[in-house]
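Quick notes on the structure that follows.
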């Protein structure tokens, strides 16, 4: 079954073949988003138009409303297959007994809440959720990490930050004065050096003992 929005296919063989290209569009628009040139909503619209144009659709007359609607339906289709990593919920459940948990994300609060709800992790982050679209600056800007600390009622030196993007997450948290843990699940580091003070983990299971070591 193929879902459609305004006669544009939500899923076609060409669109799935173009997924790596969509990722490139996301990275380009993401850079403009992090610089403040685009809002989170604007970058999603632009990414949608570029992606649809790439797979052969004329988007010259596509309104903002149509682009947002197509993007929302595409993401709903994609999100239906989302699942948390197997180690996520057990580790969060264990950490929640002794630690305050929060999220800092380059997205919007509604978007992030929707993702967390879809994978069953929203209850762990229902109150401390800081997103760039509302905060006004994106990672790796220090201010968004500091806002995350404030939402937990903690100082930066009291907070451990875990993220899977080295520059945006690990280096950004380090520069803001937090204790960064780079979650390198794919072992992309392969023995290469990291900035002093950045600890590398390959699974969330490694985190609880690391926090008390």
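Residue numbers (the working numbering): 1 to 213. Note that beta-carbon positions come from the ideal geometry of N, C-alpha and C, so glycine has one too. Remember, predicted model here, so these are calculated numbers, not experimental data.
### Task
Would you tell me roughly how many angstroms separate the C-alpha atoms of residue 127 and residue 202, rounded to the nearest one?
27 Å
### Query
Start and end of the beta strand (DSSP E) containing residue 123?
Segment: none, residue 123 is in no beta strand (DSSP E) and carries neither H nor E.
#### Entry: Delimiting residues of the alpha helix (DSSP H) encompassing residue 109
109-118
### Backbone CA spacing between residue 45 and residue 196 [nearest angstrom]
38 Å
### Among 93, 108, 208, 167, the one whose alpha carbon lies nearest that of residue 129
108
### Query
Skipping 5 residues on each side, what residues in its chain have a beta carbon closer than 8 Å to that of residue 41?
68, 108, 133
#### Entry: Start and end residues, beta strand (DSSP E) containing residue 180
179-183
### Task
Buried or exposed for residue 48, please, with buried defined as at least 16 other CB atoms from any protein chain shown within 10 angstroms of its CB.
buried
### Task
Below 8 Å CB to CB, which residues in the same chain sit around residue 156 once its five sequence neighbours on both sides are set aside?
145, 146, 149, 176, 177, 178
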